[in-house]
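Here our numbering is used: the first residue of the sequence shown is 32, the next is one more, and so on. C-beta atoms are modelled at their ideal positions from N, C-alpha and C, and glycine is treated no differently.
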Amino acid sequence: MGAMYSRTYASAIAGTPTYMNYDDDSGEFTLVFLYNNGGSGKTNYFATAHVTEIRTNFKLHYPSGHRVEVSVAGETNGKVMVVAVDEIAGSLQISPDQTRGDGQVKSGDEVIVKIFRV
C-alpha cells in the first residue's frame, strides 16, 4: 500500500518547471525546467541556493539502483550539472558545476533531468 502514496518528485526547482512526470511501472522520472540563477548572465560562483532537489524512496522505487542523466537542451559545449545523491535521506541535489567558468548554465537554459532504474 505504501507504494501508492510514494513517488519520485521535485521538492525544489532552481527555475520554472515546464514538465514533470513519474511512471509508476518503469520508475522513470523526468523533470524539465528553465534554469534561473537569480540574475542575468553567468551563475554566481558562490551561489548555494540554485539547487534542484528531487525526493524519492530509493529502496522502494529503485531497489536495484538508479541512473541519473542531467543535460542542457541543445548544448554540446559541455555545460554540466553536478548531482549529489543521499540515498538515506532520499534526495538528489542537482546544481551547476561551479568549477567550469566557461560552461556555466545560464538563466533560461532548459535543463532535463531523468532518473532510471538499473
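Contacts around residue i, its chain only, beta-carbon distance under 6 Å, and the 5 residues preceding and following it disregarded
i: Ile44; result: Phe64, Thr83
i: Thr87; result: Thr39, Gly121
i: Gln124; result: Val82, Glu84, Ala115
i: Phe60; result: Thr39, Tyr53, Ile146
Alpha helix (DSSP H) segment containing residue i, residue limits
i: Lys145; result: Run containing Lys145: none in the alpha helix (DSSP H); it sits in the beta strand (DSSP E), 141 to 148.
i: His92; result: 89 to 92
Distance between residue j and residue i (C-alpha atoms, nearest Å)
i: His92; j: His81; result: 26 Å
i: Thr79; j: Asp117; result: Only weak support is given to the placement of Thr79: the predicted model assigns it a pLDDT of 46, under 50, and the value that follows is read from those uncertain coordinates. For Thr79 and Asp117, the distance between alpha carbons rounds to 17 Å.
i: Arg148; j: Thr47; result: 26 Å
i: Gly96; j: Lys90; result: 8 Å
i: Gly58; j: Ala41; result: 14 Å
i: Met112; j: Pro94; result: 25 Å
i: Met51; j: Ile146; result: 12 Å
i: Asp55; j: Arg98; result: 16 Å
i: Ile119; j: Tyr53; result: 21 Å
i: Asp128; j: Glu100; result: 14 Å
Residues of its chain near residue i, where Cβ-Cβ distance is below 8 Å and the 5 sequence neighbours each way are ignored
i: Glu141; result: Thr49, Val63, Phe64, Leu65, Tyr66, Val103, Ala104, Gly105
Endpoints, beta strand (DSSP E) assigned at residue i
i: Ala104; result: From DSSP, Ala104 is part of no beta strand (DSSP E); its letter is neither H nor E.
i: Arg86; result: 83 to 86
i: Gln124; result: 122 to 127
i: Val136; result: That residue, Val136, is in no beta strand (DSSP E); it is neither H nor E in DSSP.
i: Asn52; result: 46 to 53
i: Thr61; result: 60 to 66
Check whether residue i and residue j have beta carbons under 9 Å apart
i: Val144; j: Ile85; result: yes
Whole-number beta carbon distance between residue j and residue i, since they are thought to touch under 8 Å
i: Asn68; j: Ser138; result: 5 Å
Nonlocal neighbours in the same chain, by C-beta distance under 7 Å from residue i, ignoring five residues either side
i: Tyr36; result: none
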